[in-house]
Amino acid sequence: MISRWQFTLLINNFLLGTTLFVSIQALIQQTQQHAWIIPLWNGCLGLIVSVLWILLMRAHPGKTLAQILQEVWSRPVGTAIALLYFFHFSSIAGWVLHNMSDFMNGTIMRDTPKSVFHIMFLIVACYTVAQGAEGMARLNQLVTPFLFLPFWFVLLLAASINWNWERFLPVYPNEGWSSLFGNFAMLGYPFMETIALTMLYPYVKRSPGRAMVWGIGMAAVSISAILFMIIGLMGVERASRLTFPVYTVVQEVDIGETIVNVQSIISVVLLILIFIKLQVLIYGAHNVLQQMFRPKTQWPHLLALTILVSALAVSIYENGVQNGEFIKQYLNLYFSFYGFFLPSLLLLSTWLKNAYRRRNHGNQRRGR
Amino acid sequence: MARHRKTWSLVAVTVCLSIVLTSCWDKLEMDELALVSLIGIDIDPEREITTVYYQVINPLSSATTQGTPGPDEAPVFTYQAIGKSFGEARMNIYKSLSRQLFVAHHQAIIVSKRAAKAGLRDLVNFVEMLPNSRTSTPLLVADAPLVQVMYSFTPLERLPSDAVDARLDLLRKNTLFVGKQIELKHFIERMERKTMTVHPMISQTGTASGNISDTSSNIDARQTNIFFNQGAVFRDYRMVGSLTAQQMVWYYLLEGEKGRHTFRMPIGGKPVTILFKSVRIKKKVERSPEKPVVKIFLDLELNSVFSEEHVPQTLVQARRFEDAVDRGIRKELHSFYEMTKKRNWDLLRIGDLLLKHGLATPENIDTAAKEAKVEFYVHAKLGQTGGMKQIYQ
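Below is the structure:
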């Protein structure tokens, strides 16, 4: 069993994961200095979607997503859909890994082959997953202060020398607010990916729904604050062009010629966040298999998963251009199939089934 | 059986750990690196040739456990790389360089005047594109031929990059000839925001010498030295002109730079030297029916430590002294502003200010900035006095 706070932190760190690498530049490019509003706005929408999952989980207490699928849609159909979720989680895991190795190749380790990063991360992630949900949640709780404090310390250090309010221009009334609130760039990724956490939902001791809402809310506020800092620290002009603005912001910290090159702190923080995201996804994928086929030994599946995901990671996208285009054009649609369409269908069938059962039950009683 | 399992799992863990040792791919040995201290860039716009100079620190020149270096050891070697673009030049460096280029610790980028005039957009893109690049180093323009600057030593400081860096620091501390916003990242931001910026210019004095013993055995520090005396004005990635050292002072004062400066001006009919320190600057925009009025309020603190000609004795004299400084500096600022206006340079960033207040649009920003009325209000206050209450008459 994991505690409510552990679950909140897990969701928060899961959402921060690759978001800080991948979406910041594109977001600032699209919405300029108002970029910090988007995570808040899309986070609100993400919360609405998460209420759907919470309702679903409440209708089936003590069951994970895979088990609910089997219960509601019979074993064969449920297994087929659960397999879809398995591939969904695996492909996100591969995607996360590729993002991570892109970052590593693009900043510190230019010559290390991508697969080395992938396999290293996967081995450790599989080991953690084999230890079960509790170990994972505890590990996350343990490292969170080591992520939160250094990250904000370094950003505030940068702010102490490079902050400039002039980088925020006043908002004119004729500027299109519709373009701002019609922007759903962050809804699919990262907020709808949180469906992976429903695999952990039944293991939370008390009120997991509230923990989920808190986690998503916290992550939305954090991403928004980070975007705000980046705009104030380097200006829209550069942040909308650089590949890794978070990294560059810290790279430029230069205090008295003694505090320089502190970007390694940011790298480590981001890598650990990515690892947390990866292990949750691997846990999701692995447990879908476990709960569907109930094998006696775990390790063959974990080994197979390592091989599958490391292969996926290399081939999931060709380059950053393709990745960006995919995120912009198809991701919301693709993720809402898993994050919104299937869960709402599942919830609808549950309600119908319950209503049908209640009526039949009533009829039987009347008949007696 | 249980023991075997333990052995095998240990073997498995060891094998896994060996994979984790990834640094093999990206390892950097200190003695395989060429540590670049200074970068020089020259572009020949006609022949489309880019030349990059890298000043690489000679590791043997610094004191080691084996003893101090001989006097003949050059502290830096300048390598030259030529290509059609920056990328090509960077690759071509290995035709002559025997170590891995390491530019992350360079202290300044110097561009030639013709490169600055042709435009620095390519340079900026190249630097920002590189992983591990740092844009937080000063961007300077060479007034002298770049070859001379890059191939000559400076007195006192063994590394020319140290001479540049220390000089910038001292100038920033003691004068207003150099400001803080001279790094490459500031340049990029200003250019992208369509505002203007000024970067220091380096010139060479005497005959350049690439021989360290020539430099260190000559008493005359003018013989081979670099000199800061001008500023290069940039607009849209191109150098469009230059400012004299005195104009730089007024520019930086209006930029809100918090430095101090010594200036001689007539007070009560005779010239007096004053040391002033910028305390605060406030820019206010007032809407009026005809044209917007930009009011710039400047608070200065005066110090009479260098006033060898006159020290106020009474409060009345002190007020008169302050008023005279107010008037004098206001006049100087005004003539500086008129000069920039005549050259169509919006160095005071009036356009940006009007844009922020909604009094200009990106389309008419230039004309709006030119039409706006600019007023200066200087308020000087005498603070510290020097070590003498009264000068010898």
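Chains A and B, in that order, give the protein sequences. Be aware that the first sequence starts at 5, since it is given in our numbering, and climbs by one per residue. Be aware that the second sequence starts at 6, since it is given in our numbering, and climbs by one per residue. C-beta atoms are modelled at their ideal positions from N, C-alpha and C, and glycine is treated no differently. Because the structure is a prediction, the values reported are computed rather than measured.
Of all residues in the segment 122-142 of chain A, only I123, M124, I127 place a beta-carbon less than 7 Å from a beta-carbon of chain B.
With a beta-carbon spacing of about 32 Å, B/T140 and B/E78 fall beyond the 8 Å limit used to define contacts. Identification of chain B residues near A/Q255 by a Cβ-Cβ cut-off of 9 Å yields N137, S138, R139, T140, S141, ordered along the chain. For B/K100, none of the residues of chain A pass the 9 Å Cβ criterion, the least Cβ distance being about 21 Å. In the assembly as shown, B/S283 is a buried residue. Its beta-carbon has 16 or more other beta-carbons within 10 Å.
Close CB contacts of B/Q398 within its chain, under the 8 Å cut and outside five residues either way in sequence, are absent. Within chain B, no C-beta atom comes nearer than 8 Å to that of A/G324; the closest sits roughly 13 Å away. The Cβ atoms of B/A113 and B/L135 lie no closer than 8 Å to each other. Any Cβ of chain A closer than 8 Å to the Cβ of B/I207 would place that residue at the interface, and such an atom is absent.
By the rule that beta-carbons nearer than 8 Å mark a contact, A/T12 does not touch chain B. Contact with chain A is absent for B/R172, since none of that chain's Cβ atoms lies less than 8 Å from the residue's Cβ. B/D47: not part of any alpha helix (DSSP H); member of the beta strand (DSSP E) spanning 38-49, first to last residue.
As summarised for the segment 205-245 of chain B, the continuous beta strand (DSSP E) elements at least 3 residues long and confined to that stretch are 230-240, given in chain order.
Distance from the CA atom of A/L275 to the CA atom of A/Q333, rounded to whole angstroms, is 27 Å.
Put simply, the backbone Cα of B/V183 is about 51 Å away from that of A/T12. Linking B/S218 to B/T212 through their CA atoms gives a straight-line distance of about 14 Å. Its Cα nearest to that of A/I269, the residue A/Y251 stands out among A/V76, A/Y251, A/W167. Nearest to A/M5 by C-alpha distance, out of A/M222, A/R210, A/L160, is A/R210. In the three-state DSSP reduction, B/V129 falls in the helix class (H, G or I).
Under DSSP, B/K282 takes part in a beta bridge, and its partners are B/R265, B/E306. Ranked by Cα distance from A/V272, the options A/I220, A/M104, A/N168 are led by A/M104. In the three-state reduction of the DSSP assignment, A/V257 falls in the coil class, being assigned neither a helical nor a strand state. Take the alpha-carbon of A/H102 and the one of A/R79: they are about 34 Å apart. Under DSSP, B/T249 forms a beta bridge with B/Q235. In this structure, B/I98 places its C-beta atom within 8 Å of the C-beta atom of B/Y84.
In this structure, DSSP gives B/L144 an extended state, which the three-state scheme calls strand. Separation of A/I112 and A/A134 (C-alpha to C-alpha, rounded to the nearest whole angstrom) is 31 Å.
Classified as exposed, A/V55 has fewer than 16 neighbouring CB atoms from the shown chains inside 10 Å of its CB.
Legend: CB atoms of the segment 189-221 of chain B lying less than 8 Å from CB atoms of chain A belong to residues K190, I193, E194, E197, R198. For A/Y131, the enclosing alpha helix (DSSP H) starts and ends at 118-134. For B/I87, the enclosing beta strand (DSSP E) has its first and last residue at 81-88.
Nearest CB-CB separation between B/E51 and chain A: not below the 8 Å threshold.
In this structure, A/G98 is the residue among A/G98, A/E256, A/P154 with its C-alpha nearest to the C-alpha of A/S319. With respect to the 8 Å criterion, A/T354 and A/V76 are classified as neighbours on the basis of their beta carbons. In this structure A/Q10 is not in contact with A/A129, their Cβ atoms being roughly 18 Å apart against a cut-off of 8 Å. The segment 218-236 of chain B makes no contact with the segment 319-327 of chain B: fewer than 3 CB pairs, one atom from each, lie closer than 8 Å.
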